[in-house]
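To keep things clear, I will list the structure first and then write my remarks on it.
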């Protein structure tokens with residue numbers, strides 16, 4: 142496993158240069174992704190350290206907390222360093238710890254967009270993503286007012302989350318979709334068809350749970366010995382695999398620890414050899430889902 146000299150980047154929407162490894166802010170909240178983190182100051186330092194290390198893509202959502210993640214980002218990072226890109230989402234409602242329900246009614250999404258602007262302390266959301274497709278609301282109906290807000294300058298780019306190829310194609314008829322955020326990692330590749338579609342159409346694929354909520358790094362896992370052989374962590378190995386697997390992948394590992402953050406960032410510099418790639422692929426079927 143070799144080191145690359147520069148951190149790789151990806152173009153988002155054709156005009157935003159983004160570090161290939163972003164930061165997911167869901168873990169900066171309380172237990173069950175509900176309420177504030179017990180030590181908000183420590184989480185501000187994590188966010189600030191991410192930017193110091195060259196991460197310029199911060200992903201959040203109105204439902205993380207709800208509201209507390211966006212508020213924390215605004216407090217920790219505003220005024221934002223030049224080139225910092227904040228992505229948020231709406232359309233997945235929090236009613237309690239670990240409770241999530243899709244809600245894609247247009248008036249609700251418009252309300253949440255304005256609340257996100259306020260909490261993040263910005264006039265324009267760099268990337269706004271429909272967090273989930275509401276089975277009771279056609280995706281075209283959900284996105285209609287979002288496109289209007291984009292024309293008004295309140296949104297720069299539009300993305301989707303946890304969608305099928307068919308849903309992406311429907312959405313693209315009413316909006317320019319620049320990103321898709323689906324669950325994807327070494328042990329869960331059910332969205333290979335979506336990844337292939339994104340590659341074909343130049344759409345960024347943002348894998349959430351890129352290290353399977355940490356389960357890939359648990360002691361005794363199938364990647365333990367391989368990672369140890371090469372002097373890296375399992376999380377680093379998993380992230381390096383994602384970065385090498387496809388040029389449109391933009392992983393957003395999240396952590397509440399500066400130590401783990403710094404470890405994750407180093408994965409950008411790792412390059413798997415052909416032999417190492419085969420070893421990882423051979424071990425992948427033994428990886429158990431995180432849930």
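In the working numbering, the protein residues as written are 142 to 432. Where a beta carbon is used, it is the ideal one built from N, C-alpha and C, also for glycine.
Identity of the residues DSSP links to residue i by a beta bridge
i           : result
residue 322 : 302
residue 160 : 150
residue 270 : 230, 300
residue 241 : 235
residue 454 : For the chain, the structure presents residues 142 to 432; residue 454 sits outside this window and is missing.
residue 329 : 326
residue 346 : 321, 390
residue 200 : 165, 228
8 Å Cβ cutoff met for residue i and residue j
i           : j           : result
residue 368 : residue 405 : no
residue 170 : residue 206 : yes
residue 166 : residue 203 : no
residue 254 : residue 301 : no
residue 273 : residue 303 : yes
residue 397 : residue 181 : no
residue 329 : residue 353 : yes
residue 413 : residue 394 : no
residue 345 : residue 366 : no
residue 402 : residue 179 : no
residue 151 : residue 391 : yes
residue 297 : residue 266 : yes
Beta-carbon contacts of residue i that lie in its chain and below 8 Å, excluding the five residues immediately before and after
i           : result
residue 418 : 382, 385
residue 288 : 299, 315, 316
residue 196 : 160, 162, 163, 164, 406
residue 276 : 243
residue 264 : 258, 294, 295
Cutoff 6 Å; reference residue i; Cβ partners in own chain excluding five residues on either side
i           : result
residue 432 : Confidence at residue 432 is low in this model, with a pLDDT of 44, below 50, so its placement is unreliable and no value can be given for it.
residue 325 : 332, 348
residue 235 : 204, 207
residue 185 : 217
residue 408 : 377, 380, 381
residue 425 : 327
residue 245 : 232, 275, 278, 283
residue 175 : 238
Cβ-Cβ separation, residue j to residue i (assumed contact under 8 Å), whole Å
i           : j           : result
residue 243 : residue 282 : The Cβ separation is near 13 Å, so there is no contact.
residue 261 : residue 225 : So it is not a contact: roughly 11 Å between Cβ atoms.
residue 388 : residue 428 : With 8 Å as the limit, residue 388 and residue 428 do not qualify as a contact, their Cβ atoms being about 23 Å apart.
residue 306 : residue 278 : Contact flag wrong, Cβ pair sits at about 20 Å.
residue 238 : residue 285 : The Cβ separation is near 32 Å, so there is no contact.
residue 153 : residue 268 : 7 Å
Taking only runs that begin and end inside the stretch 353 to 431, name each unbroken alpha helix (DSSP H) of 4 or more residues, in chain order. Counting whole runs of 4 or more residues, the stretch 353 to 431 contains the alpha helix (DSSP H) stretches 365 to 370, 375 to 386, 399 to 406, 415 to 424.
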